[in-house]
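See below for the structure under consideration.
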Amino acid sequence: MIPICFAFLAVAMLTAAACNRNTGGGGGAKLVKLAFVTNNPSEFWKIAAAGIHKYEAEAKVQVDIKMPPNGTPEDQNQIMQNLVSQGYDAVAVSVIAPADQTPVLDRLAPKTNLITFDSDADKSKRLL
183 MIPICFAFLA VAMLTAAACN RNTGGGGGAK LVKLAFVTNN PSEFWKIAAA
233 GIHKYEAEAK VQVDIKMPPN GTPEDQNQIM QNLVSQGYDA VAVSVIAPAD
283 QTPVLDRLAP KTNLITFDSD ADKSKRLL
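So my numbering is basically just the index in the sequence shown, starting at one, shifted up by 182.
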């Protein structure tokens with residue numbers, strides 16, 4: 183139950199951040215695209231993903247869960263860079279190596295709503 187609640191909270195925060203950024207005028211409502219980047223592909227995160235997918239269906243948002251296959255900062259950095267280049271409205275990440283990844287997070291933060299969860303990078307420019 184804890185992983186599902188935790189996942190719901192992280193995605194709810196992403197949704198709020200993304201909706202605040204997408205409040206401009208225009209035509210129809212844009213589908214909000216969120217990404218949840220874990221620090222490894224463990225069973226814990228697979229359980230959390232189930233909670234995220236439940237929320238995705240209820241909130242009518244797109245949420246993609248990405249798990250670095252080898253659990254390395256390099257894998258995670260590449261995943262985050264790909265998500266931002268694909269126009270995701272918000273990205274939540276459980277940072278693998280906070281000190282080493284802060285420069286990457288700082289480059290990505292102005293381009294999306296970036297938050298950390300589970301493992302923080304408190305010196306980075308993430309929203310929270």
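Virtual Cβ for every residue (Gly too), placed ideally from N, Cα, C. Everything numeric in this text was worked out from a predicted model, so none of it was measured.
| Asked | Found |
| --- | --- |
| Proximity to A279 [Cα-Cα], best of G269, Q268, D302, L265 | D302 |
| Buried versus exposed call for E238 [16 or more other C-beta atoms within 10 Å across all chains shown] | buried |
| Uninterrupted alpha helix (DSSP H) stretches inside the region 224-280 (no shorter than 4 residues) | 225-241, 255-267 |
| Where L213 sits in the DSSP three-state scheme | coil |
| Contacts around L290, its chain only, beta-carbon distance under 8 Å, and the 5 residues preceding and following it disregarded | M262, Q263, V266, V273, L296 |
| L290 beta carbon near the ligand MG (any heavy atom closer than 7 Å) | Summarising the ligand content, the structure contains no ligands, and the ligand MG is consequently not present. |
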